Amino acid sequence: MADRPQNPPLSLDGDVTTELARNMERDLVFVMRFMGESQYLMQSHFHDFILRELAATGVTAETHPMIHAFAERHAILLRDFVFSGVSLSRQFRVEEMEKLTRDPMIRVDVWDQLRSHITMAEAQFRGQLPELPVILESWKAPQDPSGNDRK
Numbered sequence: 773m774a775d776r777p778q779n780p781p782l783s784l785d786g787d788v789t790t791e792l793a794r795n796m797e798r799d800l801v802f803v804m805r806f807m808g809e810s811q812y813l814m815q816s817h818f819h820d821f822i823l824r825e826l827a828a829t830g831v832t833a834e835t836h837p838m839i840h841a842f843a844e845r846h847a848i849l850l851r852d853f854v855f856s857g858v859s860l861s862r863q864f865r866v867e868e869m870e871k872l873t874r875d876p877m878i879r880v881d882v883w884d885q886l887r888s889h890i891t892m893a894e895a896q897f898r899g900q901l902p903e904l905p906v907i908l909e910s911w912k913a914p915q916d917p918s919g920n921d922r923k
């Protein structure tokens, strides 16, 4: 495969990280997230709940040996539904977080994390480029019946 030209680095004005930082006041929110044991407790609750409800309809581990896998999968979905709803119901704007934490560097920290993750995502994509032509073959425009490419 031929070497492809390197894209020139973006100027500060064209940097997506800087553009995102400009939108922080309007678009960035901090949300609550339950972690650790709380995730397990909620998932266990729904797992037991699902098994009880199914048993009331006659569906048990004796009649359906794989029911625990079904219950586990659906318990995770219900757990995520509950925690997503709770986290979306209370959001904090960046200005509120700066006041609460008395940390004037939050915006800088977020900018640094954005830049770092964008760089990693771009590097990961570039690492996949050698395999993409084969994968994207099915995305090509179909040929017309005369054998000419459609454009």
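Residue numbers (the numbering used here): 773 to 923.
The beta carbon of each residue, even a glycine, is placed where N, CA and C say it ideally should be.
Note that this is a predicted model, so its numbers are computed, not measured.
**Message:** Suppose only complete runs of 4+ residues qualify. What are the alpha helix (DSSP H) ranges in the segment 778-834, listed by chain order?
**Reply:** 788-794, 796-799 and 809-828
**Message:** Taking DSSP's pairing of strands, which residues face Phe864 in a bridge?
**Reply:** Phe802
**Request:** Quick one: using the 10 Å Cβ neighbour count with 16 as the cut-off for buried, is Thr789 buried or exposed?
**Result:** buried
**Asked** In whole angstroms, what is the alpha-carbon distance linking Val805 and Glu903?
**Response** Looking at the sequence itself, residue 805 is Arg, so the reference to Val does not match. Cα-Cα distance, rounded: 37 Å.
**Item:** Boundaries of the alpha helix (DSSP H) in which Ala895 is found, first to last residue
**Value:** Ile878 to Gln900
**Item:** Backbone CA spacing between Asp799 and Gln863 [nearest angstrom]
**Value:** 11 Å
**Asked** Three or more beta-carbon pairs under 8 Å between the segment 806-824 and the segment 840-849, yes or no?
**Response** yes
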